[in-house]
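Enquirer:
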Amino acid sequence: MSWSAHQYSQFETDRNRPVVDLLSHLPEAGVNRAVDIGCGSGNSTVLLRQRYPQASIYGIDSSADMIAAARRRLPAIDFQAIDIDEWTPDVPPDLILANAVLQWLPDHERLFPRLLGQLAGGGRLAVQMPDNLDEPAHVLMREVASWPRWAGVFDDVGTLRAPRHDAAWYVQRLDAHAGLVDVWCTTYYHRLAAGIDGVVEWFKGSALRPYLDRLSAADEPAFLAAYREALDGAYPILADGAVLLPFPRLFILATAETD
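Taking our numbering, the leading residue of the sequence shown gets 285, the next gets one more, and so forth.
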């Protein structure tokens, strides 16, 4: 799946709110080595550096475009183009940050314990994932993709995102591997000045990527226009023409058992 650092960064301030909140739940001390997995263009790595200015930090991401953008932003930090499933640290880190990335990876029953196992004793796995598949933007995205016009084009798109699990599922799976597990959900309301067009632009940088990857340059505008039309009326328009986009997110903090 392709990613565009430029498209994703259009709403960087709003997209950063969850990772700021996640980092605020971590202790200020005890992190000497940290890794930002799925670091994207480095927006979360900047915040990780601010939180732990003395720590050794590096980032990994599978997208060459994202890694190039991260290197331009933070030339002093080591960024590596590598898949999370293929990553094994040379030295166990004290913190693994996974901001809005693990929803794209399969088999969470195996993945989460594996990531915990990469940590130093007492280290923390800090995860934030979108929990918005029942929101209108996603429901209508799937509905438009199912139209006869797109028959055969999007057959496998639904398999690209991990199956959705609730908070209890993660707690039950992690309790056997972690010393402590903390899970919570927060709904953010993002004010998009461009209204419904802003909703389309937001998801062009994230959830729409698997759909757009399947389309030719000639077909993409027609799909986006159909999606834009379907969104009309899905979100209330404020007096100034803006839209409030509700965005639920699931947070998980798991602490590795001490040696």
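Beta carbons: idealized from backbone N, C-alpha and C, even for Gly.
(1) Keeping to the same chain, check which residues put their C-beta closer than 6 Å to that of I351; ignore five residues upstream and five downstream.
(2) By how many angstroms is the C-alpha of A523 removed from the C-alpha of M285?
(3) Classify T329: buried if its beta carbon has 16 or more other beta carbons within 10 angstroms, exposed otherwise.
(4) Can you give me the C-alpha to C-alpha distance between R433 and G463, rounded to a whole angstrom?
(5) Determine the closest residue to N456 out of W431, A538, L529, E485, with distance taken between C-alpha atoms.
(6) If you draw a straight line from the alpha carbon of R512 to that of G405, how long is it in whole angstroms?
(7) Step through the CB atoms of chain C and report whether any lies within less than 7 Å of the CB of H474.
(8) Using three-state DSSP, classify F295 as helix, strand or coil.
(9) Have a look at Y473, C469, D349 and flag the residue whose alpha-carbon is nearest the alpha-carbon of T297.
(10) Among P337, G482, T542, which has the Cα closest to the Cα of Y519?
(11) With distances taken between CB atoms, is the gap from R317 to D391 smaller than 7 Å?
(12) Is the separation between the beta-carbon of L306 and that of R335 shorter than 7 Å?
(13) Identify, in the order they occur along the chain, each residue of the same chain with its Cβ nearer than 8 Å to the Cβ of D459, setting aside the five sequence neighbours on each side.
(14) Write down the C-beta distance between A540 and G322 rounded to the nearest angstrom, noting that I regard them as a contact closer than 8 Å.
(15) Tell me whether Q338 is buried or exposed, calling it buried when 16 or more other Cβ atoms sit within 10 Å of its Cβ.
(16) Taking all protein chains shown into account, do 16 or more other C-beta atoms lie within 10 angstroms of the C-beta of E419, making it buried, or fewer, making it exposed?
(17) Could you check what DSSP says for A354 in three-state terms: helix, strand or coil?
(18) Note down the Cα distance separating D503 from V375, rounded to an integer number of angstroms.
(19) Is the beta carbon of I351 within less than 6 Å of some heavy atom of the ligand GDP?
(20) Assuming the contact rule is C-beta atoms closer than 8 Å, P414 and R533 should be a hit. Round their C-beta distance to whole Å, please.
(21) Determine which residues share a DSSP beta bridge with L409 and list them.
(22) Kindly indicate which residue of S430, L528, R357 has the alpha-carbon position closest to the one of R333.
(23) Can you grab the Cα-Cα spacing for the pair D516 / G314, in whole Å?
(24) For W544, count the other beta carbons within 10 Å of its own beta carbon; 16 or more makes it buried, fewer makes it exposed. Which is it?
(25) Which residue from Q402, L499, A446 puts its Cα closest to that of G436?
(26) Are the CB atoms of Q387 and A446 within a distance shorter than 7 Å?
(27) What did DSSP end up calling D369 once you bin it into helix, strand or coil?
(28) Tell me, please, which residues DSSP counts as bridged to Y342.
Expert: In short, the structure shows the following:
(1) The residue labelled residue 351 in the question sits at position 67 within the sequence shown. Closer than 6 Å at the Cβ level, and outside the excluded window around I351, lie D345, F363, A365.
(2) One-based indexing of the sequence shown puts residue 285 at position 1. One-based indexing of the sequence shown puts residue 523 at position 239. Residue confidence for M285 is low, a pLDDT of 49 falling below 50, so the modelled location carries little weight; the figure read from the coordinates is stated next. Spanning the two alpha carbons is a distance of roughly 37 Å.
(3) Locating residue 329 in the sequence shown gives position 45, counting from the first residue. With 16 or more Cβ atoms within 10 Å of its Cβ, T329 is classed as buried.
(4) Counting from one through the sequence shown, the residue named residue 433 turns up at place 149. Counting from one through the sequence shown, the residue named residue 463 turns up at place 179. One C-alpha to the other measures close to 51 Å.
(5) Taking the sequence shown and counting its residues from 1, one reaches residue 456 at position 172. At residue 456 the sequence reads Gln, which differs from the Asn that was named. Q456 has its Cα closest to that of A538, out of W431, A538, L529, E485.
(6) For the purposes of this step, residue 512 is taken as residue 228 along the sequence shown, with counting starting at 1. For the purposes of this step, residue 405 is taken as residue 121 along the sequence shown, with counting starting at 1. Going by the C-alpha atoms only, they are around 49 Å apart.
(7) No chain C appears in this structure, which consists of one protein chain only.
(8) Residue numbering aside, residue 295 sits at position 11 when the sequence shown is read from its first letter. Three-state DSSP puts F295 in a helix.
(9) Position 13 of the sequence shown holds residue 297. Comparing Cα-Cα distances from T297 to each of Y473, C469, D349, the minimum goes to Y473.
(10) Taking the first residue of the sequence shown as 1, we reach residue 519 at position 235. The candidate whose alpha carbon is nearest that of Y519 is G482.
(11) Looking up residue 317 in the sequence shown gives position 33. Looking up residue 391 in the sequence shown gives position 107. Contact flag unset, no.
(12) Taking the first residue of the sequence shown as 1, we reach residue 306 at position 22. Taking the first residue of the sequence shown as 1, we reach residue 335 at position 51. The answer is no: Cβ separation not under 7 Å.
(13) The residue labelled residue 459 in the question sits at position 175 within the sequence shown. So the qualifying residues of the chain are V465.
(14) Counted from its first residue, the sequence shown places residue 540 at position 256. Counted from its first residue, the sequence shown places residue 322 at position 38. Between G322 and A540 the Cβ distance is about 19 Å, and since that is not below 8 Å, they are no contact.
(15) Counting from one through the sequence shown, the residue named residue 338 turns up at place 54. Taking a 10 Å sphere around the C-beta of Q338, we find fewer than 16 other C-beta atoms and assign the residue as exposed.
(16) In the sequence shown, residue 419 corresponds to position 135, counting from 1. With 16 or more other Cβ atoms within 10 Å, it is buried.
(17) In the sequence shown, counting from the first residue as 1, residue 354 sits at position 70. Of the three classes helix, strand and coil, the one that applies to A354 here is helix, per DSSP.
(18) Locating residue 503 in the sequence shown gives position 219, where the first residue counts as 1. Locating residue 375 in the sequence shown gives position 91, where the first residue counts as 1. About 47 Å.
(19) Ligands in the displayed structure: none, and consequently the ligand GDP is not present.
(20) The sequence position of residue 414 within the sequence shown is 130, counting from 1. The sequence position of residue 533 within the sequence shown is 249, counting from 1. Confirmed, Cβ separation roughly 6 Å.
(21) Taking the sequence shown and counting its residues from 1, the one referred to as residue 409 is at position 125. Beta-bridge pairing links L409 to I380, A538.
(22) Counted from its first residue, the sequence shown places residue 333 at position 49. Restricting attention to S430, L528, R357, the CA atom closest to the CA of R333 is found in R357.
(23) The residue given as residue 516 occupies position 232 in the sequence shown. The residue given as residue 314 occupies position 30 in the sequence shown. Between D516 and G314, the C-alpha separation is close to 49 Å.
(24) This structure leaves residue 544 out entirely; the chain is present only between 285 and 543.
(25) Numbered from 1 along the sequence shown, position 152 holds the residue referred to as residue 436. For G436, the nearest C-alpha among the options comes from L499.
(26) Residue numbering aside, residue 446 sits at position 162 when the sequence shown is read from its first letter. Residue numbering aside, residue 387 sits at position 103 when the sequence shown is read from its first letter. It is a contact, given that the beta carbons lie within the stated cut-off.
(27) Taking the first residue of the sequence shown as 1, we reach residue 369 at position 85. Residue state, collapsed to three classes: helix.
(28) Taking the first residue of the sequence shown as 1, we reach residue 342 at position 58. Y342 pairs with V319, D362.
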